[in-house]
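**Q** What follows is a single structure, and I will ask about it in a moment.
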Amino acid sequence: MAPPDPLASIVVRALRATEAVALLPALNDVLAAAYHQPDFHGALGRRVTIQPDGFVVAVDEAHGAGRVVGCGTAVAYPDAGYGWLGLIATHPDHERRGIGAAVTTALVAVLEGYGCAAALDASAAGHPLYLRLGFEEAGTTTVLAATTSTPGADPGPDSAEPMTAADLAAVVELDRAATGADRTRLIGCLWSEQPNRALVVRRDGALVGFGFATDWSLAPVIALDDEALRALLDAALRLPFAVAPSVLVPPGSDHGPTLEAFSFRPRRTLVHMQRGVSRLPGQRGCIAGMASLGEG
Ligand SMILES: CC(C)(COP(=O)(O)OP(=O)(O)OC[C@H]1O[C@@H](n2cnc3c(N)ncnc32)[C@H](O)[C@@H]1OP(=O)(O)O)[C@@H](O)C(=O)NCCC(=O)NCCS
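The opening residue of the sequence shown carries number 0 in numbering that gives the first Met the number 0; numbering runs sequentially from there.
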């Protein structure tokens, strides 16, 4: 007799628009249990806004109406030919049944539907899974955290100013130069979330850097050069934070030494991985901090 199929009662499918609001608490529960962090509502809400068709859920139909036991998100940047996977999680009670692999395979298919290759930043738990699914290692993404609450380093000759709505078009263009992608929707979300914690640096009337801060992170931070980054960090670190702010530094960033001068130190590393593309477009050295681990 054939062994029982461990995925027999599991359905892996797209999140339906009509159920998104109702299922957010269940998705949050899965993520909280998998990542040992309490609150993913902000990240989930933003992902639903920028790529509503990029949600994949694994539902265990053995439990009456169905219980969410796994999830993941995809964000496509079709003009750039790549997208990002994130928030991949299986509830700890349901690991090692193939759910993570099925969710990741479905997310890759979502990106392929947009003509996009896939990038992600792998935890130690996810790394073997992604290797098996054909992802290749492409450097290290480093989570840095500030170790002082004051800037304390040479701010350089530039100065940062608050971002205004009139800056948004230029912010999207600078972001596109760095990432190769039109991320208008993402920048719009960031602006609506933190309009009072967004900064730009101008030189001779042109934007040379921008950054957004939450009360726990600087994300994203893009600077054409070291002077622009110094001005951004000097201003950003004067904002109030609930915890020491962190920055997600992607592989190939030119900005590690300046972040270090401003007291940022490594807290954690992830393996950056790509499938279907060997080199992402854009001037990626300009990216001091990514928007998030699920958006690049
Ligand atoms: C990483 C994570 C998503 C994997 O989820 P999962 O559902 O356990 O993934 P899978 O079941 O597809 O694969 C996990 C392992 O179980 C094995 N497995 C799959 N089906 C199996 C089965 N029926 N019997 C025994 N083992 C099985 C796989 O071969 C794999 O083994 P390996 O890691 O040694 O290669 C999950 O552990 C998790 O949520 N971790 C915390 C959050 C996290 O780190 N997410 C990834 C961020 S990049």
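Just so it is clear, CB atoms sit at the ideal spot from N, CA and C, and this is done for glycine as well.
Thinking C-beta only, is R266 closer than 8 Å to V142?
**A** Closer than 8 Å, so yes.
**Q** Short check: CB of L247 to CB of L292, under 8 Å?
**A** For L247 and L292, yes; Cβs fall inside 8 Å.
**Q** Under DSSP, the alpha helix (DSSP H) around E111 begins and ends at which residues?
**A** E111 -> alpha helix (DSSP H) spans I98 to G112.
**Q** So, is M0 buried or exposed, given that buried needs 16 or more other C-beta atoms within 10 angstroms?
**A** That one is exposed.
**Q** So does the segment 93-101 actually touch the segment 2-9, counting three or more Cβ pairs closer than 8 Å?
**A** Counting Cβ pairs under 8 Å, three or more are found: they touch.
**Q** Any heavy atom of ligand 1 within a distance shorter than 7 Å of the CB on L167?
**A** Not under cutoff, so the answer is no.
**Q** Which same chain residues end up closer than 7 Å to R184 when comparing Cβ atoms and leaving out the 5 residues on each side of it in sequence?
**A** These residues qualify, in order along the chain: I49.
**Q** Alpha carbon to alpha carbon, how far is A117 from E192?
**A** Those two C-alpha atoms are separated by around 26 Å.
**Q** If I follow the unbroken alpha helix (DSSP H) through H40, where does it start and stop?
**A** Counting along the chain, the alpha helix (DSSP H) containing H40 begins and ends at H40 to I49.
**Q** Return the residue from the list G275, T213, L22 and T178 that minimises the CA-CA distance to L110.
**A** Here the closest residue by C-alpha is G275.
**Q** Among the residues of its own chain, which have a CB less than 6 Å from the CB of F39, if the five just before and after it don't count?
**A** Closer than 6 Å at the Cβ level, and outside the excluded window around F39, lie N27 and L30.
**Q** With 8 Å as the threshold, decide whether the Cβ of R283 is near any Cβ in chain D.
**A** Absent from the structure is chain D; it holds one protein chain and no more.
**Q** Any contact between the segment 169-183 and the segment 133-147? By contact I mean 3 or more CB pairs, one from each, below 8 Å.
**A** Not touching, per the Cβ criterion.
**Q** Quick one: residues in its chain with C-beta nearer than 6 Å to the C-beta of A79, no 5 flanking neighbours on either side, listed in chain order?
**A** Contacts found: G179, A180 and P280.
**Q** Name the DSSP bridge partner or partners of L247?
**A** For L247, which the question treats as bridged, DSSP gives the partners V142.
**Q** Taking a contact to mean a Cβ-Cβ separation below 8 Å, would you say A105 touches L269 in this structure?
**A** Contact flag unset, no.
**Q** Can you find at least 3 beta carbon pairs, one from the segment 244-264 and one from the segment 211-219, that sit closer than 8 Å?
**A** Yes: at least three Cβ pairs fall under 8 Å.
**Q** Going by DSSP in three states, A1 sits in which element: helix, strand or coil?
**A** Here A1 sits in coil by DSSP.
**Q** Put D59 into one of helix, strand or coil per three-state DSSP.
**A** D59: strand per DSSP, three-state reduction.
**Q** Return the CA-CA distance between N195 and L173, expressed in angstroms with no decimal places.
**A** If you take the alpha carbons of N195 and L173, they lie about 20 Å apart.
**Q** Determine the DSSP secondary structure at R175, reduced to helix, strand or coil.
**A** Helix, per DSSP.
**Q** Can you tell me whether V276 is helix, strand or coil according to DSSP?
**A** Three-state DSSP puts V276 in coil, outside helix and strand.
**Q** Go through the segment 177-231 residue by residue and report every complete run of the alpha helix (DSSP H) that reaches 4 residues or more, in order.
**A** If we require 4 residues or more, the alpha helix (DSSP H) runs fully inside the segment 177-231 come out as 183-192.
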